[in-house]
Amino acid sequence: MPEALEATTKDATAPESVPAAPPAEKDARARSLWSDAWHDLRRNPLFLVSAVLIVVLLAMAVAPWLFTSADPRHADLAKHYLQKPNWSHFFAEDWFGYDIQGRSIYARVIYGARASIAVAVGVTALVTILGTLVGMLAGYFGGLLDTILSRITDVFFGVPFILGAMVVLTSFEERKLWVVILSLAFLGWTQIARVARGSVITIKQADYVVAAKALGASTSRILLRHILPNAMAPVIVVATIALGGYISAEATLSFLGIGLAEPTVSWGVDISSGQEQLRNAAFVLIIPSVMVSITVLAFIMLGDAVRNALDPKLR
Amino acid sequence: MGRYVIRRLLQMIPVFIGSTFLIFFMVYALGDPVAALFGDKAPDPATAARIRKDLHLDQPLWKQYLLYMGAIFQGDFGTAFNGQKVTELMAAAFPVTLRLTLVAIVIEVIIGITLGVISGLRRGRPLDTGLLVLTLVVISVPTFVSGYLLQFLLGVKWGWVRPSVSSDARLDELILPGIVLALVSLAYVTRLSRTSIAENVRADYVRTAIAKGLPRHRVITRHLLRNSLIPVVTFIGADIGSLMGGAIVTERIFNIHGVGYQLYQGILRNNAPTVVGFVTILVIVFLVANLLVDLLYAVLDPRIRYA
Numbered sequence: 001m002p003e004a005l006e007a008t009t010k011d012a013t014a015p016e017s018v019p020a021a022p023p024a025e026k027d028a029r030a031r032s033l034w035s036d037a038w039h040d041l042r043r044n045p046l047f048l049v050s051a052v053l054i055v056v057l058l059a060m061a062v063a064p065w066l067f068t069s070a071d072p073r074h075a076d077l078a079k080h081y082l083q084k085p086n087w088s089h090f091f092a093e094d095w096f097g098y099d100i101q102g103r104s105i106y107a108r109v110i111y112g113a114r115a116s117i118a119v120a121v122g123v124t125a126l127v128t129i130l131g132t133l134v135g136m137l138a139g140y141f142g143g144l145l146d147t148i149l150s151r152i153t154d155v156f157f158g159v160p161f162i163l164g165a166m167v168v169l170t171s172f173e174e175r176k177l178w179v180v181i182l183s184l185a186f187l188g189w190t191q192i193a194r195v196a197r198g199s200v201i202t203i204k205q206a207d208y209v210v211a212a213k214a215l216g217a218s219t220s221r222i223l224l225r226h227i228l229p230n231a232m233a234p235v236i237v238v239a240t241i242a243l244g245g246y247i248s249a250e251a252t253l254s255f256l257g258i259g260l261a262e263p264t265v266s267w268g269v270d271i272s273s274g275q276e277q278l279r280n281a282a283f284v285l286i287i288p289s290v291m292v293s294i295t296v297l298a299f300i301m302l303g304d305a306v307r308n309a310l311d312p313k314l315r
Numbered sequence: 001m002g003r004y005v006i007r008r009l010l011q012m013i014p015v016f017i018g019s020t021f022l023i024f025f026m027v028y029a030l031g032d033p034v035a036a037l038f039g040d041k042a043p044d045p046a047t048a049a050r051i052r053k054d055l056h057l058d059q060p061l062w063k064q065y066l067l068y069m070g071a072i073f074q075g076d077f078g079t080a081f082n083g084q085k086v087t088e089l090m091a092a093a094f095p096v097t098l099r100l101t102l103v104a105i106v107i108e109v110i111i112g113i114t115l116g117v118i119s120g121l122r123r124g125r126p127l128d129t130g131l132l133v134l135t136l137v138v139i140s141v142p143t144f145v146s147g148y149l150l151q152f153l154l155g156v157k158w159g160w161v162r163p164s165v166s167s168d169a170r171l172d173e174l175i176l177p178g179i180v181l182a183l184v185s186l187a188y189v190t191r192l193s194r195t196s197i198a199e200n201v202r203a204d205y206v207r208t209a210i211a212k213g214l215p216r217h218r219v220i221t222r223h224l225l226r227n228s229l230i231p232v233v234t235f236i237g238a239d240i241g242s243l244m245g246g247a248i249v250t251e252r253i254f255n256i257h258g259v260g261y262q263l264y265q266g267i268l269r270n271n272a273p274t275v276v277g278f279v280t281i282l283v284i285v286f287l288v289a290n291l292l293v294d295l296l297y298a299v300l301d302p303r304i305r306y307a
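Note that the protein sequences, when read in sequence, are chains A and B.
If you count by the UniProt record's numbering, then the first sequence holds residues 1 to 315, one letter each, in order.
If you count by the UniProt record's numbering, then the second sequence holds residues 1 to 307, one letter each, in order.
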């Protein structure tokens with residue numbers, strides 16, 4: 001098993017680093033914003049650690065069978081949760097012990113990555129699209145449209161996030177993955193919208209936008225070719241950090257008993273069933289909680305590192 | 001100043017209406033309060049119809065909302081499904097959560113700003129880097145994890161504090177829950193004040209103050225800190241609302257019967273009047289806190305004047 005893990009880590013890292021690397025340039029002045037940022041990032045240990053972690057986590061979500069041969073749903077009551085972790089059995093079925101139904105916690109933690117990461121990635125994708133759209137329209141056109149869109153943003157911002165998500169989710173009989181994704185996205189897009197709006201307002205005064213207008217470019221061309229690519233930097237940073245936040249939100253909702261539910265395997269589901277046995281078998285709760293914390297940390301660190309690399313003021 | 005406040009109050013009206021209507025819509029249109037009243041049993045159609053009529057649930061949604069808002073402004077938040085007045089529940093729950101939030105804010109402000117100043121003045125040094133990484137770690141640990149962990153270690157294992165809070169919820173019992181509630185925000189406050197201090201420390205007015213021969217602590221507290229606090233104050237203002245709403249996890253772990261507890265019960269049982277009533281108050285708290293923050297700007301930065 002350890003060999004398999006290492007192999008996937010390396011395989012998965014390689015393609016990621018190739019397209020992002022800039023062509024070897026001697027002239028530092030010619031570097032664009034992103035290649036300049038990449039130049040900084042490659043030397044930042046926080047970025048490297050978080051990137052490796054994220055690649056491993058994504059590999060877990062895509063191909064969990066590479067990490068364990070155990071079945072996360074196979075319950076062997078004889079093994080019961082009293083069977084404690086065997087910390088020296090690396091990557092073995094009993095590495096993290098067994099839960100109350102005698103299911104391998106190691107297998108469940110590996111397979112749980114998929115649901116938790118799918119929720120976070122799905123919500124982040126929807127929120128980024130919706131938020132950027134609203135923010136771009138409000139920021140570029142201004143006036144009455146801006147007033148209306150900004151007030152709508154304020155309205156959604158005023159409803160507490162976890163509370164709102166709970167209210168929406170309780171109204172569904174069956175809380176499938178897409179239900180959780182849509183509910184969180186429904187309430188979560190405001191932050192991106194505000195960031196995108198601010199960014200677009202700054203950029204629309206730039207000379208190249210004025211030049212494009214003077215040359216008679218259509219509004220849609222200005223928005224898509226000039227404004228959007230240049231306004232995305234802060235949006236991507238906020239979205240990366242928010243992705244970590246949604247992992248945490250999914251787990252919190254499950255902790256409250258309102259997130260995903262069995263038979264879905266997710267960290268949140270295991271956390272919510274683990275809390276009942278906190279006093280006798282704390283590891284059942286702690287291990288998925290640690291996974292959630294590490295994942296959130298990886299995304300927040302990544303976002304933070306990218307932000308620092310993009311913002312010359314912080315150098 | 002007066003005109004600015006009035007303009008801001010007027011701007012709050014559409015947001016208040018929108019947010020409350022949104023929550024009203026989510027509770028009454030997405031869920032079915034009458035079905036919830038009967039639990040798992042299917043309600044008798046005639047009874048259900050009568051209850052719907054009594055609660056105005058047979059009217060269109062916008063009319064229900066208007067009737068509800070009309071009642072609220074006469075101080076009537078309706079009756080929870082167990083027969084208790086929602087205002088009674090509020091009178092019992094809000095003081096508890098207010099105390100908890102207060103403890104959390106005090107911890108957040110004192111520790112967060114202190115750490116931020118220390119870190120910002122030593123920008124780039126090992127202490128600064130260490131604190132920055134530590135804040136990231138704290139931000140990534142979900143509240144229920146840190147809550148359970150601290151409760152288990154301090155309350156159960158070492159027995160320093162009582163693991164759960166009594167029904168009076170005295171201030172000294174609320175210190176540990178307050179820390180748990182504050183942790184994530186504390187890390188944000190540290191980071192925000194650190195960045196702000198690190199930026200301002202090179203400002204001309206700081207150099208002038210040092211050149212005048214003012215003592216170091218005076219330069220830091222009177223010149224540097226006052227000018228660096230604006231982003232921190234903005235954050236804390238927005239945080240008051242989310243802390244009160246976010247207390248739902250903390251209150252559950254430490255068995256505190258505050259706003260979070262009532263909302264949790266209300267949402268699980270689809271107890272519509274409780275949920276809408278409590279969230280309405282939370283929205284008002286959120287809006288007023290943001291207004292107060294804007295007014296504080298003028299106090300902190302003399303360059304900002306509201307006409």
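From the three backbone atoms N, C-alpha and C, an ideal C-beta is built for every residue, glycine too.
Less than 7 angstroms between C-beta atoms, sequence neighbours within five positions excluded: which residues of the same chain meet that for Val86/B?
In the second sequence, the residue the question calls residue 86/B occupies position 86. So the qualifying residues of the chain are Phe77, Gly78, Thr79, Ala80, Pro273, Thr274 and Gly277.
Report the residue ranges of all alpha helix (DSSP H) runs contained in full by the region 125-206 of chain A; include only those spanning at least 4 residues, in chain order.
143-158, 161-170, 177-188 and 190-203
Look at Ile139/B and Ile300/A and say whether their C-beta atoms are less than 8 angstroms apart.
Within the second sequence, numbered from 1, the residue matching residue 139/B stands at position 139. Within the first sequence, numbered from 1, the residue matching residue 300/A stands at position 300. Contact: yes.
From this set, Ala113/A, Lys84/A and Ile110/A, which residue's C-alpha is nearest Ile100/A's C-alpha?
Start at 1 with the first residue of the first sequence, and residue 100/A comes out as number 100. If we check each option's Cα against that of Ile100/A, Lys84/A comes out closest.
In angstroms with no decimal places, state the Cα-to-Cα distance between Phe141/A and Pro142/B.
Locating residue 141/A in the first sequence gives position 141, where the first residue counts as 1. Locating residue 142/B in the second sequence gives position 142, where the first residue counts as 1. Rounded to whole angstroms, Phe141/A to Pro142/B spans 39 angstroms at the Cα level.
Just to check my reading of the structure: Val237/A and Gly303/A have Cβ atoms closer than 8 angstroms, yes? What is that Cβ distance to the nearest angstrom?
Here residue 237/A corresponds to residue number 237 of the first sequence, with the count starting at 1. Here residue 303/A corresponds to residue number 303 of the first sequence, with the count starting at 1. Indeed they touch by this definition, with Cβ atoms about 5 angstroms apart.
For residue 318/A, collect the residues of the same chain with a Cβ closer than 8 angstroms to its Cβ; drop the 5 residues on either side in sequence, then sort them by chain order.
Outside the shown range of chain A (1 to 315) lies residue 318/A, about which nothing can therefore be said.
Given this structure, state the Cα-to-Cα distance separating Leu98/B from Phe254/B, to the nearest angstrom.
Counting from 1 along the second sequence, the entry for residue 98/B is found at position 98. Counting from 1 along the second sequence, the entry for residue 254/B is found at position 254. So the two alpha carbons sit approximately 16 angstroms from each other.
So which residues of chain B does Met291/A contact, with C-beta pairs closer than 7 angstroms?
In the first sequence, counting from the first residue as 1, residue 291/A sits at position 291. Against Met291/A, chain B offers no close residue; the least beta-carbon distance is about 11 angstroms (beta-carbon pairs closer than 7 angstroms).
Measure from the alpha carbon of Arg7/B to the alpha carbon of each residue in Val106/B, Arg191/B and Leu291/B, then state which is nearest.
Counting from one through the second sequence, the residue named residue 7/B turns up at place 7. The option with the nearest alpha carbon to Arg7/B is Leu291/B.
How far does the alpha helix (DSSP H) with His223/B in it extend, from its first residue to its last?
The sequence position of residue 223/B within the second sequence is 223, counting from 1. Careful: His223/B lies outside any alpha helix (DSSP H) and carries neither H nor E.
Assuming Gly241/B and Val180/B make a contact with CB atoms under 8 angstroms, what is their CB distance in whole Å?
For the purposes of this step, residue 241/B is identified with residue 241 of the second sequence, where counting begins at 1. For the purposes of this step, residue 180/B is identified with residue 180 of the second sequence, where counting begins at 1. The pair is not a contact, with the Cβ atoms about 18 angstroms apart (cut-off 8 angstroms).
Give a yes or no on whether the C-beta atoms belonging to Leu300/B and Val219/B are separated by under 8 angstroms.
Here residue 300/B is taken as the residue at index 300 of the second sequence, counted from 1. Here residue 219/B is taken as the residue at index 219 of the second sequence, counted from 1. Taking C-beta atoms as the reference points, Leu300/B and Val219/B fail to come closer than 8 angstroms.
With 8 angstroms as the threshold, decide whether the Cβ of Arg315/A is near any Cβ in chain B.
For the purposes of this step, residue 315/A is identified with residue 315 of the first sequence, where counting begins at 1. For Arg315/A, the predicted model reports a pLDDT of 47, less than 50, meaning its position is unreliable; a value from the coordinates is still stated below. No, Arg315/A lies away from the interface with chain B (no Cβ there is under 8 angstroms from its Cβ).
Delimiting residues of the alpha helix (DSSP H) encompassing Ile72/B
Residue 72/B sits at position 72 when you count from the first residue of the second sequence. Start and end: Leu61 to Ile72.
For Leu79/B, the three-state DSSP class (helix, strand or coil):
Position 79 of the second sequence holds residue 79/B. The sequence shown places Thr at residue 79/B, not Leu. Looking at Thr79/B - three-state DSSP - the assignment turns out to be strand.
Does the Cβ of Gln151/B have 16 or more other Cβ atoms within 10 Å, making it buried, or fewer, making it exposed?
Looking up residue 151/B in the second sequence gives position 151. Buried is the call here.
Report all residues from its chain with a CB closer than 6 angstroms to the CB of Leu149/A; omit the five preceding and five following residues, and keep chain order.
Counting from 1 along the first sequence, the entry for residue 149/A is found at position 149. Contacts found: Val134 and Ala138.
So which of Gly143/A, Ser50/A, Tyr106/A and Val62/A has the shortest CA-CA distance to Trp267/A?
Numbered from 1 along the first sequence, position 267 holds the residue referred to as residue 267/A. Looking at the Cα atoms, Tyr106/A is the closest of the given residues.
Here's the rule I'm using: 16 or more other beta-carbon atoms within 10 Å means buried, otherwise exposed. How should residue 321/B be labelled?
There is no way to answer for residue 321/B, as the model of chain B reaches only from 1 to 307.
Assuming contact is defined by CB atoms lying nearer than 8 angstroms, are Pro177/B and Val189/B in contact in what I supplied?
On the second sequence, residue 177/B is found 177 positions in, with the first residue counted as 1. On the second sequence, residue 189/B is found 189 positions in, with the first residue counted as 1. No, the Cβ-Cβ distance between Pro177/B and Val189/B is not below 8 angstroms.
Under DSSP, the alpha helix (DSSP H) around Asp128/B begins and ends at which residues?
As a working mapping, residue 128/B is identified with position 128 in the second sequence. Taken as a continuous stretch (DSSP letters only), the alpha helix (DSSP H) holding Asp128/B covers Pro126 to Ser140.
Supposed close pair Ser19/B, Val155/A - CB separation, criterion 8 angstroms
Counting from one through the second sequence, the residue named residue 19/B turns up at place 19. Counting from one through the first sequence, the residue named residue 155/A turns up at place 155. Contact holds; Cβ gap of about 5 angstroms.
Below 6 angstroms CB to CB, which residues in the same chain sit around Arg207/B once its five sequence neighbours on both sides are set aside?
Your numbering for residue 207/B matches position 207 in the second sequence. Cβ neighbours of Arg207/B beyond the five flanking positions: none.
Buried or exposed (CB count within 10 angstroms, at least 16 for buried), Thr295/A:
On the first sequence, position 295 is the one that residue 295/A refers to. Its Cβ being crowded by 16 or more others within 10 Å, Thr295/A is buried.
Given that Met301/A touches chain B, what residues does it touch there, using C-beta distances under 9 angstroms?
Your numbering for residue 301/A matches position 301 in the first sequence. Simply Val133, Leu136 and Ser140.
Rounded separation between Ala93/B and Trp38/A - CA only
Working through the second sequence from its first residue, we reach residue 93/B at position 93. Working through the first sequence from its first residue, we reach residue 38/A at position 38. Those two C-alpha atoms are separated by around 51 angstroms.
Runs of alpha helix (DSSP H) lying entirely within the region 204-267 of chain B, each at least 4 residues, in chain order:
204-211 and 230-253
Closer than 8 angstroms between beta carbons: that is the criterion. Which residues of the region 151-185 of chain A meet it against chain B?
Correct list: Arg151, Ile152, Asp154, Val155, Phe156, Gly158, Val159, Pro160, Phe161, Ile162, Leu163, Gly164, Met166, Val167, Val168, Thr170 and Ser171.
Beta-carbon proximity list for Ala21/A, same chain, < 8 angstroms, skipping 5 on both sides:
Here residue 21/A is taken as the residue at index 21 of the first sequence, counted from 1. Unreliable placement is indicated for Ala21/A, whose pLDDT of 43 sits below 50; no coordinate value is reported for it.
Got a sec? Which residues, its chain only, sit under 8 angstroms from Leu282/B by beta carbon, not counting five neighbours each side?
Translated into positions along the second sequence, residue 282/B becomes position 282. For Leu282/B, where only same-chain residues beyond five positions count, the Cβ hits under 8 angstroms are Gly241, Met244, Gly245 and Val259.
DSSP three-state call for Lys157/B: helix, strand or coil?
The sequence position of residue 157/B within the second sequence is 157, counting from 1. Lys157/B: helix per DSSP, three-state reduction.
Where the alpha helix (DSSP H) containing Met12/B begins and where it ends:
Here residue 12/B corresponds to residue number 12 of the second sequence, with the count starting at 1. Start and end: Gly2 to Phe25.
At a threshold of 7 angstroms, does Arg122/B count as lining the ligand FMN (C-beta to nearest heavy atom)?
Ligands in the displayed structure: none, and consequently the ligand FMN is not present.
Provide the residue(s) that pair with Lys85/B in DSSP beta bridges, ordered along the chain.
As a position in the second sequence, residue 85/B is number 85, starting the count at 1. For Lys85/B, which the question treats as bridged, DSSP gives the partners Thr79/B.
My output table needs one value for Val306/A: the three-state DSSP class, helix, strand or coil.
The sequence position of residue 306/A within the first sequence is 306, counting from 1. When DSSP states are grouped into helix, strand and coil, Val306/A belongs to the helix group.
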